[in-house]
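Protein chains in written order, with the numbering used here: chain A, 286 to 400; chain B, 10 to 120.
Take a look at the structure below.
Here it is in structure tokens:
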């Protein structure tokens, strides 16, 4: 079956702009979580959605937001982009609730560069 | 606070050398531990996981990890690495509706 699909793969934006990233989970998976990956910082948790409800949020400013649709697809939005937002943004899907003894399946990520 | 520490940021080995990557965690609840690998240009994929039972778990591609509760550790091992093991390795513990990752270890295997 198809894996986790993230679009676009690459983005270049200017400071101050906003951006929307998309994630389609594995068919049948209802939980989607987002992570920011930067060199030396590893993966930092952004937020998690299950059945359209945000159940957990990481320590990121309010400029970072997300949502999940009824078909489990998810989007994350970053407004007023800053240079420090340049990173690889990863989406993961899980068959059951994220966390616990559930494996997460990751997409290839969206590489965002802010200039 | 919940956290995962990976002490080796960069490791360089020759083929056939043995590998051990350290991982220590801090988590107050039931511990579920994972090792993920990210090959160049590819997505993160699961190497192995520990939920309960035998503390020595075996994963794909000859990797194994040992959960030592008293040391809060979950070190990854492989007896003989190959050039194709060149990748970044992440240790993670699952929390409430999230995973907590370490900062990763970049492994380079020289042919």
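Idealized CB from N, CA, C, for every residue including glycine.
From what residue to what residue does the beta strand (DSSP E) around residue i run?
i: residue 5(B); result: With chain B represented from 10 up to 120, any question about residue 5(B) goes unanswered, as that position is not in the structure.
i: residue 327(A); result: 327-335
i: residue 308(A); result: 304-309
i: residue 32(B); result: Here residue 32(B) belongs to no beta strand (DSSP E), and DSSP marks it neither H nor E.
i: residue 53(B); result: Per DSSP, residue 53(B) belongs to no beta strand (DSSP E) and is neither H nor E.
i: residue 319(A); result: 316-323
i: residue 284(A); result: Residue coverage of chain A in this structure runs from 286 to 400, which leaves residue 284(A) outside it and unanswerable.
i: residue 298(A); result: 295-298
i: residue 104(B); result: 96-104
State the CB to CB distance for the pair residue i and residue j, rounded to an integer number of angstroms; the pair is presumed to be in contact (CB under 8 Å).
i: residue 34(B); j: residue 333(A); result: Rounded, the Cβ-Cβ distance is 19 Å, inconsistent with contact.
i: residue 358(A); j: residue 307(A); result: 7 Å
i: residue 394(A); j: residue 303(A); result: Residue 394(A) to residue 303(A), Cβ: 19 Å. No contact.
In chain A, which residues lie less than 7 Å from residue i when you measure between Cβ atoms?
i: residue 105(B); result: 341, 384
Which chain B residues sit within Cβ distance under 8 Å of residue i?
i: residue 391(A); result: 45, 52, 53, 54
Starting from residue i, find everything on chain B with Cβ-Cβ shorter than 7 Å and list it in chain order.
i: residue 388(A); result: 55, 58
For residue i, which residues in chain A fall below 8 Å Cβ to Cβ?
i: residue 111(B); result: 327
Taking a cut of 9 Å between CB atoms, which residues from the region 31-56 of chain B lie near chain A?
-> Across the region 31-56 of chain B, CB contacts with chain A closer than 9 Å involve 39, 41, 43, 45, 47, 50, 51, 52, 53, 54, 55, in sequence order along the chain.
Using 8 Å as the threshold, is the region 51-58 of chain B in touch with the region 69-77 of chain B, meaning 3 or more CB pairs across them?
-> Touching, per the Cβ criterion.
Return the residues of the region 309-336 of chain A that lie within a Cβ-Cβ distance of less than 7 Å from chain B, sorted by chain order.
-> Of all residues in the region 309-336 of chain A, those with a C-beta nearer than 7 Å to a C-beta of chain B are 318, 325, 326, 327, 328, 330, 333, reading in chain order.
Residues of the region 65-98 of chain B whose Cβ lies closer than 9 Å to any Cβ of chain A, in chain order | With the criterion set as a beta carbon lying under 9 Å from some beta carbon of chain A, the region 65-98 of chain B has no members that meet it.
Interface positions of the region 369-380 of chain A facing chain B (Cβ-Cβ less than 8 Å), listed along the chain | Using a CB distance below 8 Å, the part of the region 369-380 of chain A facing chain B consists of 375, 377, ordered along the chain.
Examine the Cβ distances between the region 71-91 of chain B and the region 374-381 of chain A and report whether three or more of them are shorter than 8 Å.
-> Contact between the region 71-91 of chain B and the region 374-381 of chain A is absent, because fewer than three Cβ pairs lie under 8 Å.
Cβ pair count under 8 Å reaching 3, the region 111-119 of chain B against the region 335-346 of chain A | Because the criterion of three Cβ pairs below 8 Å is not met, the region 111-119 of chain B and the region 335-346 of chain A do not touch.
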